[in-house]
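Everything below concerns the one structure shown next.
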Amino acid sequence: MATTEKSILNRLYFIAGCLFIFAFAVAFKLMDIQFVEGEYYKELAEDRTYRNFKIPANRGNLYDSNGSLLATSVPKFDIRFDAVTVSDKDFEENIGPLSEELSEALGGNASYYSQKIRAARANKQRYLLITKNLGYSDYVKFRNFPMFELGAYKGGLIVEQRTVREHPLGKMGERTVGYERKDADGYFTRVGLEGAFGNYLRGTDGRRLKQKIAKGQWKPISDNNEVEPRDGYDVVSTIDVNIQDITHHALLKQLEYFEAEHGTVVVMETATGEIKAMSNLGRTKDGTYFEKRNYAVYESHEPGSTFKLMAMVAALEDKVIDTAQVVDTENGVVRYYGRAVRDSHHGGYGKISAAKAFELSSNTAFTKMVTEGYKTNPSKFVDRLYAMGLNEKIGLDINGEGQPRIPHPDDKGWNGLSLPWMAFGYGVSLTPLQTLTFYNAIANNGEMVKPRFIKEVKEWDKTIVKVEKEIINPAICSPETAKKVRKMMENTVKRGTAANIYTPNFSMAGKTGTCQVEYWIEPGRYIASFSGYFPAEDPKYSCIVVIHKPNRKKGYYGNIVAAPVFKSIAQKIYTDTPIMDELPSLEVENEDVKADFKKYYSKIQNEKILMPDVTGMPAMDAISLLENLGFKVNFRGKGKVKSQSVAAGIEISQTKELNIKLELS
5 MATTEKSILN RLYFIAGCLF IFAFAVAFKL MDIQFVEGEY YKELAEDRTY
55 RNFKIPANRG NLYDSNGSLL ATSVPKFDIR FDAVTVSDKD FEENIGPLSE
105 ELSEALGGNA SYYSQKIRAA RANKQRYLLI TKNLGYSDYV KFRNFPMFEL
155 GAYKGGLIVE QRTVREHPLG KMGERTVGYE RKDADGYFTR VGLEGAFGNY
205 LRGTDGRRLK QKIAKGQWKP ISDNNEVEPR DGYDVVSTID VNIQDITHHA
255 LLKQLEYFEA EHGTVVVMET ATGEIKAMSN LGRTKDGTYF EKRNYAVYES
305 HEPGSTFKLM AMVAALEDKV IDTAQVVDTE NGVVRYYGRA VRDSHHGGYG
355 KISAAKAFEL SSNTAFTKMV TEGYKTNPSK FVDRLYAMGL NEKIGLDING
405 EGQPRIPHPD DKGWNGLSLP WMAFGYGVSL TPLQTLTFYN AIANNGEMVK
455 PRFIKEVKEW DKTIVKVEKE IINPAICSPE TAKKVRKMME NTVKRGTAAN
505 IYTPNFSMAG KTGTCQVEYW IEPGRYIASF SGYFPAEDPK YSCIVVIHKP
555 NRKKGYYGNI VAAPVFKSIA QKIYTDTPIM DELPSLEVEN EDVKADFKKY
605 YSKIQNEKIL MPDVTGMPAM DAISLLENLG FKVNFRGKGK VKSQSVAAGI
655 EISQTKELNI KLELS
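Read in our numbering, the sequence shown has 622 at position 618, and its numbers run on one by one without any break.
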């Protein structure tokens, strides 16, 4: 009996001891949570209930050189309603007027909105969508609606803001304008101007505190942000939308006719290196074209006969030939180690001067001139090309520049065919923009300038960064050599391979190029090109046109496929840019004239300026007009102006901000 009682007591003591230890452990853990890890768990609880959300900063605007928008950030607002937080009194007082306002703003019957909101309140819905994608002016209007005007807590108003990047030019110049995207891992993809100058455009993100109200749903705590976002700077590019438009449509027309795979055109201002237009169009499966890739910047390929300019400049500088030197093109065929070099003209051109060989683009003449001139020292030829910078990247701001290739006799792959083949543009590789930079240097009397894409970075009207002209090489050749080859390029258009685009109305100079591509796969694949400048006597713009794989049955030579695009662009720029002569000053001191001017100016100052009617106008024209009148313009959609928030005829001085709605016609 005693033994049994003792056994029971021992079990009780054991259980009591375990309970004591458990109680002690609980107490210890409570003390640990309260005093040691309290802050951690407090922060964890708050993080699950309250969270700071990022408010993306508005990217700065991207403008063309004349102030037209290429890309802009437009704020968009979604309006939602917390049907639980509003008191019964406020709800009943405001549901009717709110429904009327929503009916007027969004369309539909007021009873529809009343029933929708009442159903949400009955179901304790805290995240009811009212409308999406509002512009700023509409957002302000909604915020002042009955009930919503009471704010986030008393009125149940939930406002979510997003920033949308708009491109007024649409698909035109899309790869040049580009984009900057950030993936989930924080890595950026940067394309075109948007990517190259994202550090200026990006701005600094803000923060907004929100409270979790349901699964996956968060409600802003107040109407104010914890950290306000700081907008990015504006970037003024060198692009001219008028020249871009001309370039785009001239290239598109030719690509469509010749059913080419893809093509690119670049227009550069000769003296400054400013890129005024850059169009890159690739063919889709259904035969349409769009800005597929930036071929002008990244695609390095054999240039063909446009490289003869580089070969000619090198040979003239090294004095291994002279423009008057006579070369026998024989029968239009010259052989090296069993491989034939042929002229496009059957039977050759006979005996012609070096200058004539350039104008007629004789392959046989160039291989003979270069091979004979450098056969004992081929390194001299290549070193001259290197000295002109042809083996180095330009160092563009835009990402993805292709690597040029100029083989050297010290390279492993150099052989007996390398030198004669280089003479007419085979075995070497350049991007279209690298080729154009060289041609532009010749047009610029030997001064090679770096192609540039922006003029300045601005914060409102304040210039933050001013981008100046950058000289890569002050003299790639002597002035005498530059003068000689410029005359050859002018004659190429007048009487050479590009005579088909000659016109007495305006002067052009350049060089055609026709190059076989992927000849190891099958014959008949060509790249047609033309590079040059205009006007010939006083170059203002340089331009390159490169078109890949045109339909051979329709044509494939550079003068037929590429040169007409060059002419079309030059002709339209000439037409749109009237020649201006400087006149002597007509300023005279005449008291009667001065008095009349003061009277007229005073009258103008006192006159009212009325709001114009911009409905039906293209977006670019409307925005330019309104901004010149001093408005801050917000727009939504694409195409032409459908409506404007300030009616025509209203005095302009009464308002500073305007919203326009666009739609495709």
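Using N, Cα and C, we set each Cβ at its ideal position, and we do this for glycine too.
Pairing S535 with K553 gives a Cβ-Cβ distance that is not under 8 Å. Rounded to whole angstroms, the separation of the alpha carbons of R339 and K379 is 15 Å. The segment 218-279 contains, as complete alpha helix (DSSP H) runs of 4+ residues, the segments 245-262 (chain order).
Under the three-pair Cβ rule at 8 Å, the segment 135-154 counts as touching the segment 98-116.
About 5 Å separates the beta carbon of T368 from that of D347, a gap short enough to meet the 8 Å contact definition.
Annotation for H349: G336 place their beta carbon closer than 7 Å to its own, counting only its chain and skipping 5 residues before and after.
About 14 Å separates the beta carbons of E170 and G182, which is beyond the 8 Å limit, so they are not a contact pair. Residue pairing by DSSP places N56 opposite L213 in a beta bridge. M373 is a Cβ neighbour of A319, given a cutoff of 8 Å. Taking a C-beta distance under 8 Å as the contact criterion, Q215 and Y54 qualify as a contact pair.
Take the alpha-carbon of S365 and the one of P424: they are about 15 Å apart. If you draw a straight line from the Cα of P543 to the Cα of E522, it comes to about 35 Å. Within the segment 540-587, complete beta strand (DSSP E) segments of at least 3 residues are found at 545-552, given in chain order. Going by beta carbons, R179 and N298 fall inside the 8 Å limit. Beyond the five residues adjoining it in sequence on each side, V231 comes within less than 7 Å, by CB distance, of G210 and R211 in the same chain, given in chain order. K665 has its alpha-carbon roughly 28 Å from the corresponding atom of I121.
Restricting attention to G559, C519, N504 and K636, the CA atom closest to the CA of K571 is found in N504. Counting along the chain, the unbroken alpha helix (DSSP H) around N203 starts and ends at G202 to L205. Counted as a single uninterrupted DSSP element, the beta strand (DSSP E) harbouring E463 occupies residues I458 to E463. In the displayed model, L23 falls within a helix according to three-state DSSP. Counting along the chain, K487 sits inside the alpha helix (DSSP H) bounded by residues P483 to R499. DSSP, reduced to helix, strand and coil, places K646 within a strand of the structure shown. In the three-state DSSP reduction, K323 falls in the coil class, being neither helix nor strand. Residue state for M392 is assigned as coil, using DSSP reduced to three classes. Residue pairing by DSSP puts D82 in a beta bridge opposite E164. For V195, the pairing in a beta bridge is given by DSSP as Y183.
Counting the other CB atoms within 10 Å of its CB gives N563 a total of 16 or more, which places it among the buried residues. Remark: three or more beta-carbon pairs, one from each stretch, lie closer than 8 Å, so the segment 392-400 and the segment 431-447 are flagged as touching.
Nearest Cα to I475 within the set I12, D465 and E278: E278. DSSP places Q520 within a strand segment (E or B) once states are collapsed to three. Distances from the alpha-carbon of N70 to those of P568, T485, I458 and R556 put I458 closest.
In the structure shown, E108 falls within a helical segment according to DSSP collapsed to helix, strand and coil. By the C-beta density criterion, S511 is buried, having at least 16 other C-beta atoms within 10 angstroms. The Cβ atoms of G202 and A61 lie no closer than 8 Å to each other. Three or more beta-carbon pairs separated by less than 8 Å link the segment 122-139 to the segment 70-89, which places the two stretches in contact. Counting the other Cβ atoms within 10 Å of the Cβ of M452 gives 16 or more, which makes it buried.
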